[in-house]
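Please read the structure below before turning to the comments.
Residue numbers (my numbering): 1 to 458.
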């Protein structure tokens, strides 16, 4: 018996046919995987897809050993189909996906481009590592931008004529093929693919001894941005375009002028930035000097007013109402609304009959609170603010604190058992409702905020 591997390599020399499972175009072996609904559903779930076929826009079927494209009728909304690294020998049954954008068929057994007419939305086609010998049947792919044909069986430039049928092509890869006509390949690329942006020709036999290949392609393809394994830099394009008209000397001169122009633009940009930086520094310095001068003048005017009682020309004293308005403006909006509600509530309360409580020579607690509040209001009114409503807090805060201390001290004395026995008796017999009542109910007292540090009612 002849060994099996020898029959496979020299099958044409033997009358005995090869085993059935080796005939890809014929009946497939019963053990070969097929695209059944169950297998497709399992693949969708494995790749974070959906069990409902219509909901999937990506279908990943690589490394499954499929030999035929079939059973995709329900996956009509797929945008990207991954079928690489299988045993597929023919492109077929893809018309059920009219919205397909990306098709990955690399590393299969495809030998012919066919049955692609229904894929009007296709933009990316990868057919690398197959057995394609001729590029054809691409005229219906009006939106195709990228085609990968690396590592196929293309041997001449005439087999690439099908690429000229697609004017929308921007990325073409025909590397690792068997093209030997280098001049014909360069002429085809520059004349038949004028709008190409990325071109891969490396590792073809013609690239070994082809002279000035890169310069010729860059100078003839004005939109080319990437050639083989590196990008096309602006300085390289300038040199190649000059080389096409004047040779190597023109190339070197163009590169030198490009360097000078680039250096000049960088220096101009740097000097512009420095001018902007200096102008910003001058403005900041002037603003700081103006603020310091204004603060110094305000402090001097405040000191003169406290010492002599006379204002320096150009300054004025802000009234107590202006101080209150300035303070209210500086308060947060929520606190201003709360203060207005408190004032409205106090003014709406009915005033009961006054029943001052006297205790063996002690004035009433209400009278003491009124007196303390009157002293506090007088202290606030006597303090003036100089300049733009800024408060001189030195004497004002100390006067306010003294008034508050006096009010609290007098209230404690009148409510203590030793100084006011009547108040002590009432506290012993009052009900919880009376204890919760306002001790200054009925008194017309205007609630004001203290300084912004306390943020409380006085």
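Glycine included, every Cβ here is placed at the ideal spot set by N, Cα and C. Fair warning: this is a prediction, and the values are worked out from it, not measured in the lab.
C-beta atoms of residue i and residue j nearer than 8 angstroms
i           : j           : result
residue 235 : residue 204 : no
residue 144 : residue 125 : yes
residue 240 : residue 219 : yes
residue 107 : residue 85  : yes
residue 132 : residue 147 : no
residue 190 : residue 221 : yes
residue 291 : residue 301 : no
residue 97  : residue 83  : no
residue 193 : residue 172 : yes
residue 182 : residue 207 : yes
residue 38  : residue 51  : no
residue 253 : residue 244 : no
Minimum C-alpha distance to residue i - residue among the options
i           : options               : result
residue 216 : 312, 237 and 175      : 237
residue 99  : 115, 36, 116 and 77   : 77
residue 149 : 128, 34, 133 and 182  : 128
residue 59  : 91, 31, 101 and 92    : 101
residue 158 : 122, 269 and 186      : 186
residue 259 : 42, 233, 190 and 146  : 233
residue 213 : 45, 227 and 269       : 227
residue 93  : 87, 272 and 73        : 73
residue 34  : 65, 224 and 282       : 65
residue 47  : 36, 54, 62 and 255    : 62
residue 87  : 130, 333, 135 and 134 : 130
residue 31  : 120, 67 and 272       : 67
residue 91  : 49, 116, 39 and 284   : 116
residue 177 : 170, 183, 188 and 200 : 200
residue 166 : 297, 196, 298 and 263 : 196
residue 188 : 156, 49, 286 and 293  : 156
residue 70  : 95, 54 and 202        : 95
residue 79  : 109, 242, 121 and 89  : 121
residue 169 : 57, 123 and 202       : 123
residue 75  : 308, 44 and 89        : 44
residue 459 : 54, 103 and 109       : Outside the shown range of the chain (1 to 458) lies residue 459, about which nothing can therefore be said.
residue 202 : 229, 53 and 225       : 229
Bridge partner(s) assigned by DSSP for residue i
i           : result
residue 104 : 82 and 126
residue 200 : 173
residue 334 : In DSSP, residue 334 forms no bridge with anything.
residue 227 : 199 and 230
Heavy atom of the ligand ADP within 7 angstroms of residue i beta-carbon
i          : result
residue 39 : Although the ligand ADP was asked about, the structure shown includes no ligands whatsoever.
Contact between the stretch 127–145 and the stretch 162–178 (3+ Cβ pairs under 8 angstroms): yes
task: Could you tell me which uninterrupted beta strand (DSSP E) segments, each at least 3 residues in length, are contained entirely in the stretch 124–193, listed from first to last along the chain?
output: 124–126, 146–148 and 171–173
Those runs of the beta strand (DSSP E) which lie wholly inside the stretch 42–78 and span at least 3 residues: 58–60
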